[in-house]
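S.K.: Residue numbers (our numbering): 146 to 426. By construction, the Cβ of each residue, glycine as well, lies at the ideal position given by its N, Cα and C atoms. None of the values given here were measured: they were computed from a predicted structure. I'd like to ask you about the structure that follows.
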Ligand SMILES: [Zn+2]
């Protein structure tokens, strides 16, 4: 079913049945975010940045053989429902609380565009959420159609990638920048993004309102990233079910993807499209 994420064996009636645990899952998800956010809701969160920050605990990951382990293919029913927009604020998702052996790959920005990255994503058959920035892809937006064909989706990572937008911009300027990318994505990829990733990771309640008003469903952050050829974990030292992994279209794409693949296979997790799991395709 490569390239056809709509063929995921999701059961809508069962998904509705799963609403029973929705409350608990939502609390768990938002608790983590709130804890990180601090006492003042309006205070910008200094979430993990996009920059390479090697940690002492991280160890180099061996490059896996592409054929070492077959991709796990299991049918499952999502056991997490995306929290709704409440009080005009889009929810913030850092990790999916799930019992299923799944992991979500997200790839940001779009600066470096190599045929190798297309080939590797196809070889591993990874669907990914691509949080692209207009100003970094405008030289060759068509490049990303290959990933779309493989089952990935383009999401919103703003027009200008202002990592200080939370501090520097008010509500309307944030909305304008987000809507600019919404329209650009629609024009070039035929779909309005449903998910937003803040440049640098910092967000605020003003941003949450802007995201909702720009027509998106959630802010997506992360607790694990593939960076400089190795995995970097905010929690623990391996991938966990439901982790959202941050990567970038950088020169180290192959090394980063190899690190992710080794961690994914070691953890026995299947790479699933986040939008599929959240029902926001
Ligand atoms: Zn970025």
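(1) Please determine if the segment 271 to 287 and the segment 247 to 254 are in contact, where contact requires at least 3 C-beta pairs separated by less than 8 Å.
(2) Hey, is the segment 285 to 294 in contact with the segment 313 to 325, meaning 3+ C-beta pairs nearer than 8 Å?
(3) Would you report the Cα separation of residue 365 and residue 307, rounded to the nearest angstrom?
(4) My output table needs one value for residue 171: the three-state DSSP class, helix, strand or coil.
(5) With a cut-off of 8 Å, do at least 3 Cβ pairs link the segment 382 to 394 to the segment 229 to 245?
(6) When you compare only the Cα positions, how much space is there between residue 314 and residue 413?
(7) For residue 335 and residue 230, I'd like the C-alpha separation in whole angstroms.
(8) What are the boundary residues of the alpha helix (DSSP H) that includes residue 324?
(9) Is the CB-CB distance between residue 279 and residue 304 below 8 Å?
(10) Once you ignore the five residues that flank residue 205 on each side, which residues in its own chain have a CB closer than 6 Å to its CB?
(11) Rounded to the nearest angstrom, what separates residue 406 and residue 356 at their Cα positions?
(12) How close, in whole Å, do the beta carbons of residue 394 and residue 224 come, if the pair is a contact with beta carbons under 8 Å?
(13) Here's the rule I'm using: 16 or more other beta-carbon atoms within 10 Å means buried, otherwise exposed. How should residue 372 be labelled?
(14) Out of 260, 317 and 295, which one is the CA nearest neighbour of residue 351?
M.R.: Let's see:
(1) yes
(2) no
(3) Along the chain shown, one-based indexing puts residue 365 at 220. Along the chain shown, one-based indexing puts residue 307 at 162. Each residue's Cα considered, the two are about 17 Å apart.
(4) Translated into the one-based positions of the chain shown, residue 171 becomes position 26. At residue 171, the pLDDT of 36 sits below 50, so the modelled position is not reliable; the number obtained from the coordinates is stated separately. Helix.
(5) yes
(6) Position 169 of the chain shown, counted from the first residue, corresponds to residue 314. Position 268 of the chain shown, counted from the first residue, corresponds to residue 413. In a straight line, the C-alpha of residue 314 is about 42 Å away from that of residue 413.
(7) Your numbering for residue 335 matches position 190 in the chain shown. Your numbering for residue 230 matches position 85 in the chain shown. The alpha-carbon atoms of residue 335 and residue 230 are separated by roughly 24 Å.
(8) For this step, residue 324 is matched to residue 179 along the chain shown. First-last of the alpha helix (DSSP H) with residue 324: 316 to 334.
(9) Here residue 279 is taken as the residue at index 134 of the chain shown, counted from 1. Here residue 304 is taken as the residue at index 159 of the chain shown, counted from 1. With contacts defined by Cβ atoms closer than 8 Å, residue 279 and residue 304 form a contacting pair.
(10) Stepping through the chain shown from its first residue, residue 205 is reached at position 60. Because residue 205 carries a pLDDT of 46, less than 50, the predicted location of this residue cannot be relied on, and the following value inherits that uncertainty. Excluding sequence neighbours, residue 205 sits near 375.
(11) Here residue 406 refers to the residue found at position 261 when the chain shown is read from its first residue. Here residue 356 refers to the residue found at position 211 when the chain shown is read from its first residue. The alpha-carbon atoms of residue 406 and residue 356 are separated by roughly 31 Å.
(12) Taking the first residue of the chain shown as position 1, residue 394 is located at position 249. Taking the first residue of the chain shown as position 1, residue 224 is located at position 79. The Cβ separation is near 31 Å, so there is no contact.
(13) To locate residue 372, count along the chain shown from 1; it is residue 227. Buried.
(14) For the purposes of this step, residue 351 is taken as residue 206 along the chain shown, with counting starting at 1. The residue with the shortest Cα to Cα distance from residue 351 is 317.
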